[in-house]
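For the sequence shown, position 83 matches number 82 in numbering that gives the first Met the number 0, and the numbering has no gaps at all.
Right, one structure below, let's go through it.
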Amino acid sequence: MSEEKSLNFIEEIIEKDLAEGKYNKIVTRFPPEPNGYLHVGHAKSICLNFGLAKKYGGKTNLRFDDTNPSTEETEYVESIKEDVKWLGFEWANELYASDYFEALYQFAISLIKKGLAYVDDSSSDEIAEQKGTPSTAGKRNKFSERTAEENELLFEEMRAGKYPDGSKVLRAKIDMASSNMLLRDPIIYRIKHAHHHRTGDNWCIYPMYDFAHGQSDSIENITHSICTLEFIPHRALYDWLIEKLEIFPSHQYEFARLNMTFTIMSKRKLLQLVTENFVNGWDDPRMPTISGMRRRGFTPESIREFCDKIGVAKRENLIDFGLLEFCVREHLNKISLRRMVVFDPLKVVITNYEEGRVELMQSENNPEDENGGYREVPFSRELYIEREDFMESPSKKYFRLAPGQMVRLKSAYIITCDEVIKDNSGNIIELRCSYLPESKSGGDSSGLKVKGTLHWVSVAHAVAAEIRLYDRLFTAENVDAAEGDFKDHINPDSLQVIQTAYAEPALTGSNLIDRYQFIRKGYFCLDKDSTNEKIIFNRTVTLKDTWAKEVKKG
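As structure tokens, this is what we get:
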């Protein structure tokens, strides 16, 4: 009997709230800013928020925090929606902070009327100076003495567009001596004459994140507002605003964000990689973006499994990228179709096989799937094998092809190398081999046991393909802690391209959703750059964790 998985700390809170009748139903939200593409760190948050709602019979809203018009684009909104759906989740409502601009404005008016907010004409530098330091209290300026009537009029004029950017802000009136610097009369509205992707030019004042966040949660009756640890200092303001506005008491909880080896999660740094052409766009398969991982061939099931394995913690930690790759391998091993592709071809001529003869060999699609069935692979007199699968002067424990040595060709025959053909420079260009007719796979009566099995492709039937071998984008294990600029640690071998590999014909007609194991080579998927004239495959992950070996060597 399997041991029941223990609850994480957020699940414990939810179960206690439900047991005590605090809420009838759990409502969570995923609130991305539409100013970039989601990465694997967001995937953790998505799985957590949607997973909790699903487990406890609640619902999750997808709410775009679109309060900064100068950085937001509809392109990002659409990509975020695609990513959430691809991960396997459906939101109850698609909402936007901009839906609440009028309500948020009225909340601000309410604070002004209560004497809890004031319009400040100070510059940003002056405001910063007046806030004091963590060890010295701040000081309010003369603008904080304005009457509620004056502040309301000025705030209305700010909305009407009377004042230029940066000339005035609205600040909450809390405590200039608070040990929490965020409570020292924080700015809750600023003037920004910028076109908004949804509201156009209707607004020229916009709420700050801290003002929009909790109030949007409250409007939607969010019961458990789940944020990352850096928002712990913000919780006091979140609670203060809800209390003073006397609105639905949403509550904020914090968990550790995802930090992963050989990876960066900073949107700013990821944007640098894109704009400075270190990668080929946001969906470059080396990027930690969800769109990049999707293009690389990662499956939503494997990402969900990874998020489940790493759990929900209260303390920051560094997760091994190898764990994500392990989850990907585990899933791909179960679902991938096996195919033979030769990356570095060496021609083999089977001298005792009849010229012009073609046999269709039966080869299993997936030994892990009892219903996977078989495919036909054409076998002929001339084949390609991998150049590395032949050694002219083999070592004692070399079990692949060598002069006078036998190997089995996968799903076909046992062959022996009889002759090595070289060009004028001494390079091996062809192997002359013979086969044992009675050794055919599935009906072998030769009685011979050979230790080596090679993959191969029939020359006459081979399909040319480009292979893109992707690897980790950085060489430093902890990129954020590494010396120098983060770009100094980019892995120069993160992409290697094989312009012409040779694939078995079953790979023609591949779709973007298909997943393959190229036998003895790794897991691959079709890339979106493929055309009818040229098929391109991306390596998703190697068959084994080669990086772990390198780390041990180091």
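Ideal Cβ placement from N, Cα and C applies to all residues, glycine included.
What number of angstroms, rounded off, separates the C-alpha of residue i from the C-alpha of residue j?
{"i": "A255", "j": "I9", "result": "12 Å"}
{"i": "I534", "j": "K409", "result": "24 Å"}
{"i": "K54", "j": "K24", "result": "11 Å"}
{"i": "E72", "j": "I79", "result": "11 Å"}
{"i": "T59", "j": "R28", "result": "5 Å"}
{"i": "C497", "j": "W239", "result": "Position check: residue 497 holds Ile in this sequence, whereas Cys was assumed. Distance between the alpha carbons of I497 and W239: 59 Å."}
{"i": "F210", "j": "L37", "result": "23 Å"}
{"i": "S122", "j": "G165", "result": "7 Å"}
{"i": "S224", "j": "F398", "result": "59 Å"}
{"i": "T70", "j": "F230", "result": "21 Å"}
{"i": "D98", "j": "Y104", "result": "12 Å"}
{"i": "D65", "j": "L359", "result": "59 Å"}
{"i": "S178", "j": "R285", "result": "43 Å"}
{"i": "Y515", "j": "S493", "result": "21 Å"}
{"i": "T541", "j": "K333", "result": "15 Å"}
{"i": "I518", "j": "Y434", "result": "22 Å"}
{"i": "K4", "j": "F305", "result": "15 Å"}
{"i": "E503", "j": "M264", "result": "39 Å"}
{"i": "Y205", "j": "T198", "result": "11 Å"}
{"i": "N140", "j": "Q129", "result": "8 Å"}
{"i": "V357", "j": "V340", "result": "19 Å"}
{"i": "L169", "j": "K138", "result": "17 Å"}
{"i": "C326", "j": "R471", "result": "16 Å"}
{"i": "S529", "j": "V347", "result": "29 Å"}
{"i": "Y373", "j": "Y95", "result": "50 Å"}
{"i": "V83", "j": "D307", "result": "16 Å"}
{"i": "P598", "j": "I384", "result": "The displayed coordinates of the chain run from 0 to 553. Any statement about residue 598 would go beyond what the structure contains."}
Name the residue from the options whose alpha carbon lies nearest to the alpha carbon of residue i.
{"i": "E330", "options": "T298, L317, A312, Y352", "result": "Contrary to the premise, residue 330 reads as His rather than Glu in this sequence. Ranking the options by Cα distance to H330, first place goes to T298."}
{"i": "P393", "options": "C416, K84, V376, G372", "result": "C416"}
{"i": "H233", "options": "L182, I246, D492", "result": "L182"}
{"i": "D174", "options": "Q495, Y208, R337, A116", "result": "A116"}
{"i": "F63", "options": "Y208, D124, G425, K161", "result": "Y208"}
{"i": "I111", "options": "T146, T135, P344", "result": "T146"}
{"i": "I246", "options": "T274, K268, R267, D216", "result": "D216"}
{"i": "Q271", "options": "D526, S509, D16, G35", "result": "G35"}
{"i": "A461", "options": "L400, F485, R338", "result": "R338"}
{"i": "N351", "options": "E429, V273, G291, P436", "result": "P436"}
{"i": "L61", "options": "L51, E81, W90, E77", "result": "W90"}
{"i": "L453", "options": "E387, P185, E155", "result": "E387"}
{"i": "C432", "options": "I466, L382, K439, G451", "result": "L382"}
Counting only the same chain and skipping the five closest in sequence on each side, list residues whose C-beta sits under 8 Å from that of residue i.
{"i": "K167", "result": "V118, D119, D120, L153, M157, I190"}
{"i": "K313", "result": "F8, L228, E253, F254, A255"}
{"i": "T260", "result": "L317, I318, D319, F320, G321, E476, N477"}
{"i": "W85", "result": "I289, R293, P299"}
{"i": "D200", "result": "H194"}
Using a 10 Å radius around the Cβ and a threshold of 16 neighbouring Cβ atoms, would you call residue i buried or exposed?
{"i": "Q214", "result": "buried"}
{"i": "I218", "result": "buried"}
{"i": "T288", "result": "buried"}
{"i": "Y501", "result": "buried"}
{"i": "I512", "result": "exposed"}
{"i": "I413", "result": "buried"}
{"i": "M0", "result": "With a pLDDT of 40 at M0, under the threshold of 50, the predicted position of this residue should be treated as unreliable, though the coordinate-derived value follows. Per the 10 Å Cβ criterion, exposed."}
{"i": "Q361", "result": "exposed"}
{"i": "T507", "result": "exposed"}
{"i": "G40", "result": "buried"}
{"i": "I241", "result": "buried"}
{"i": "P33", "result": "buried"}
{"i": "P491", "result": "exposed"}
{"i": "D368", "result": "exposed"}
{"i": "I309", "result": "buried"}
{"i": "G20", "result": "exposed"}
{"i": "M180", "result": "exposed"}
Following the continuous beta strand (DSSP E) through residue i, name the residue where it begins and the one where it ends.
{"i": "D513", "result": "Here D513 belongs to no beta strand (DSSP E), and DSSP marks it neither H nor E."}
{"i": "D564", "result": "Because the chain here runs from 0 to 553, residue 564 falls outside it and cannot be looked at."}
{"i": "F277", "result": "That residue, F277, is in no beta strand (DSSP E); it is neither H nor E in DSSP."}
{"i": "H330", "result": "First-last for H330: 320 to 334, but that is the alpha helix (DSSP H), not the beta strand (DSSP E)."}
Looking only at its chain, what residues have a beta carbon closer than 6 Å to the beta carbon of residue i, apart from the 5 residues adjacent to it on each side?
{"i": "I302", "result": "A42"}
{"i": "H195", "result": "P68"}
{"i": "R538", "result": "L468, Y469, G521, F523"}
{"i": "N258", "result": "L317"}
{"i": "F106", "result": "Q214, L244"}
Enumerate in chain order the residues of its own chain whose CB-to-CB distance from residue i is below 7 Å, with the five nearest sequence positions on each side excluded.
{"i": "H488", "result": "F473, T474, A475, V478, A481"}
{"i": "N48", "result": "T27, R28, F29, T59, I225"}
{"i": "Q495", "result": "L468"}
{"i": "I221", "result": "V26, T27, R28, S249"}
{"i": "I45", "result": "F29, V83, L86, F88"}
Check for me: the alpha helix (DSSP H) holding residue i runs from which residue to which?
{"i": "F154", "result": "147 to 158"}
{"i": "V76", "result": "73 to 85"}
{"i": "N48", "result": "39 to 54"}
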